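*Asks:*
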Amino acid sequence: MEVYRRLNLPRFEGNQLCDLLGFRSRSPLTSSEIESLARLTKVYREWKQKGHSVKVFCKNYQGNQGNQGNL
22 MEVYRRLNLP RFEGNQLCDL LGFRSRSPLT SSEIESLARL TKVYREWKQK GHSVKVFCKN
82 YQGNQGNQGN L
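Sequential numbering from 22 applies to the sequence shown in our numbering.
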């Protein structure tokens with residue numbers, strides 16, 4: 022997906038984050054969806070710098086989603 026290249030995401034990580042937001046089945050993404058993915062990617066990169074995998078990030082995000090709302 023071109024959006025992964027623009028966000029400098031490997032395909033696997035991009036797929037995981039899109040699945041997390043429920044965007045994977047939609048193509049092409051709307052500008053609002055791309056902005057949401059970009060915000061999520063920023064938070065994910067902070068986690069990644071601390072040594073966490075995309076799977077750990079997604080699991081934590083899903084667990085906190087009800088408490089914090091959308092990014």
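Glycine included, each C-beta is placed from N, C-alpha and C at the ideal position. Note that the structure is predicted; figures quoted are calculated from it, not measured.
Tell me the DSSP secondary structure of asparagine 91 in three-state form.
*Replies:* With a pLDDT of 49 at asparagine 91, under the threshold of 50, the predicted position of this residue should be treated as unreliable, and no value is reported.
*Asks:* What is the rounded straight-line gap between the Cα of valine 75 and the Cα of glutamate 67?
*Replies:* If you take the alpha carbons of valine 75 and glutamate 67, they lie about 11 Å apart.
*Asks:* Could you check the C-alpha separation between arginine 45 and glycine 72 for me, to the nearest Å?
*Replies:* Taking the straight line joining both Cα atoms gives about 25 Å.
*Asks:* Apart from the five residues on each side of it in sequence, which residues of its chain come closer than 8 Å, Cβ to Cβ, to tyrosine 65?
*Replies:* Contacts found: Glu34, Leu38, Val75 and Phe78.
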